[in-house]
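Heads up, the sequence shown is in the numbering used here, so the first residue is 3 and it goes up one at a time.
Note that beta-carbon positions come from the ideal geometry of N, C-alpha and C, so glycine has one too.
Because the structure is a prediction, the values reported are computed rather than measured.
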Amino acid sequence: MADKIFTPNETLFLDKQFKQNLTSHYHVLKEYKNSIDDVLKLGGDTPIFLDTSVILGFYEISFIAREKVEQFLDNYKSRIVLTGQIQYEFIKNREKVINTFQKDVSEQLPKDFNNNVVNKLKSFINSNKLKLEDYPHIGKNLESLHSMLSELLKEIQESVNDKKGTASSLLHDDSSLDVLAQVELLDSLDVSYVKTIKEHYHKLLPSYKTAPNESYNLTSFPGCAEKGDKDDPTGDFIIYHELMKYAIEKKKNIIFLTNDTTKGDWLRTDGRPHLHYLENFFLNTNRMLFIINAERLFESLFDRSFESLIDDKTLIPDVIDHQELELFLKDMDCLFDVKEPPEGACKILANELYQNDIYSISKLNQKLSLAKYAIPEILKFLPNITKTGAVKLVLDLLDKNYSRNRWSKSSEEKITQLKKHWENVSDFIELL
């Protein structure tokens, strides 16, 4: 198809929405089919754009996998491009992701080994002392095994400390950042252009929200599935327009690598591309856009897992909405007979949860898996406790790393008694 004249700052997703026809549809399908195999091998000289989720993901994978990533960056740095919006999001979130990896992965390994292996074996030995008297050789072997595991714990801690030093130094001594600084770095879009893009985002959103929840949804657009309470949900939509502007100015197709593949707004929930994104891009630029799952691509190129080791991949997560939290507590069966909290208590609890890296109701629900056993024990010692207070104590009992605000002296004395009592019943509860 012959080139048309396109003006980058007048190129808008909304202007071409639902404008595809059989000619453009056929062309995009044919070009995609003819090019995708070469794209997945990163052949040719097509510019490679990395999403924020990809470059932040470098700090979430194993240290061995990071070496492969740096190899990728070095090999393709002449083709890699970062948009202004992606640079902004990367800088905003980089330090938090590095610190989260150190806390949730590096520091957690020895803690998990100690809690799930060493301590449980010791608990088994102590709780079966009388029985083991009839099997002295087994008791002796178990004690030897415990000593060996304790020594192994020391080795794990030492190794992790070495890695922690590496993780901490990343803030100021980062070889990946050294390479990223050498790729093509784009300026941000004009303020007036961004203002229009944001206005269009909010015009498009209502149609998407009222559409049927299907994998193939013509009302979807980049960024449409962002949480409503996010500070600025328009980032992905801005990035899409940055890609279009570049394609017009350079007259080139674009490969866009992203790990943001679960919400369904860059790739469909079944992992396939949103065809109407590609058609919209083509109608706006006369060029092709290839949106690729970066994690899968790296694994195919390097034959190694690039899965994030951080459970929650939310970037700068928000505090749980206190009204949502209040509804959740009301729906918990085990809290049905527990006193309602005073006004503002859910907001205080939400902030405390945030300080303990609990950013969502789903994660809180996981943490409260044994609440139905813990609540009755708590009420024995603190019968007048409220729902929010009970949740704090459940988390305190179940997670040794949970940090809560101190209560009154008399309450803390009762909590100390409760914790001693809980130690006696928790082993039994784990068997249920």
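Self-check item: Supposed close pair Asp262, Ser410 - CB separation, criterion 8 angstroms
Solution: Actually they are not in contact, since the Cβ atoms of Asp262 and Ser410 sit about 46 angstroms apart, beyond 8 angstroms.
Practice problem: Just mark Met290 as buried or exposed, buried being the case when its beta carbon has 16 or more other beta carbons within 10 Å. | Solution: buried
Practice problem: Decide if Lys211 is buried, meaning its Cβ has at least 16 other Cβ atoms within 10 Å, or exposed. | Solution: exposed
Quiz item: Between Asp76 and Val181, what straight-line distance do the alpha-carbon atoms span, to the nearest angstrom?
Solution: 6 angstroms
Quiz prompt | Contacting residues, own chain, Cβ-Cβ under 6 angstroms from His278 (five flanking each side not counted) | solution = Leu220
Practice problem: Kindly give me the distance between the Cβ atoms of His243 and Thr388, rounded to whole angstroms, as I take these residues to be in contact under 8 angstroms. | Solution: Their Cβ separation, rounded to whole angstroms, is 49 angstroms, which puts His243 and Thr388 out of contact at 8 angstroms.
Quiz item: Taking the alpha-carbon positions, what's the Leu179 to Ile82 distance?
Solution: 13 angstroms
Quiz item: Helix, strand or coil: which one does DSSP assign to Val83?
Solution: strand
Practice problem: Determine the extent of the beta strand (DSSP E) in which Asn358 is found, giving its start and end residues. | Solution: Unbroken run through Asn358: none, as it is neither H nor E.
Practice problem: Counting only the same chain and skipping the five closest in sequence on each side, list residues whose C-beta sits under 7 angstroms from that of Ser149. | Solution: none
Quiz item: DSSP state of Pro208, grouped into three classes?
Solution: helix
Quiz item: Going by alpha carbons, who is nearest to Phe74 out of Leu155, Glu297, Pro208, Glu157?
Solution: Glu297
Quiz item: So Leu331 and Leu337 are in contact, right, with Cβ under 8 angstroms, and what is the actual spacing, rounded?
Solution: 6 angstroms
Quiz item: Helix, strand or coil: how does DSSP classify Thr263 here?
Solution: coil
Self-check item: Spatial distance of Lys254 from Tyr248 (CA atoms)
Solution: 8 angstroms
Exercise. Please classify Thr2: does DSSP put it in a helix, a strand, or coil?
Key: For residue 2 there is no data in the structure shown, the boundaries of the chain being 3 and 434.
Practice problem: Put Thr48 into one of helix, strand or coil per three-state DSSP. | Solution: coil
Exercise. Taking Asn121 as part of the alpha helix (DSSP H), name the residues at either end of that continuous run.
Key: 121-129
Quiz item: Who are Leu291's beta bridge partners in DSSP?
Solution: Ile256
Exercise. In angstroms with no decimal places, state the Cα-to-Cα distance between Thr316 and Asp359.
Key: Confidence in Thr316 is poor, its pLDDT being 41 and thus under 50, which makes the residue's placement unreliable; the coordinate value appears in the next sentence. In a straight line, the C-alpha of Thr316 is about 11 angstroms away from that of Asp359.
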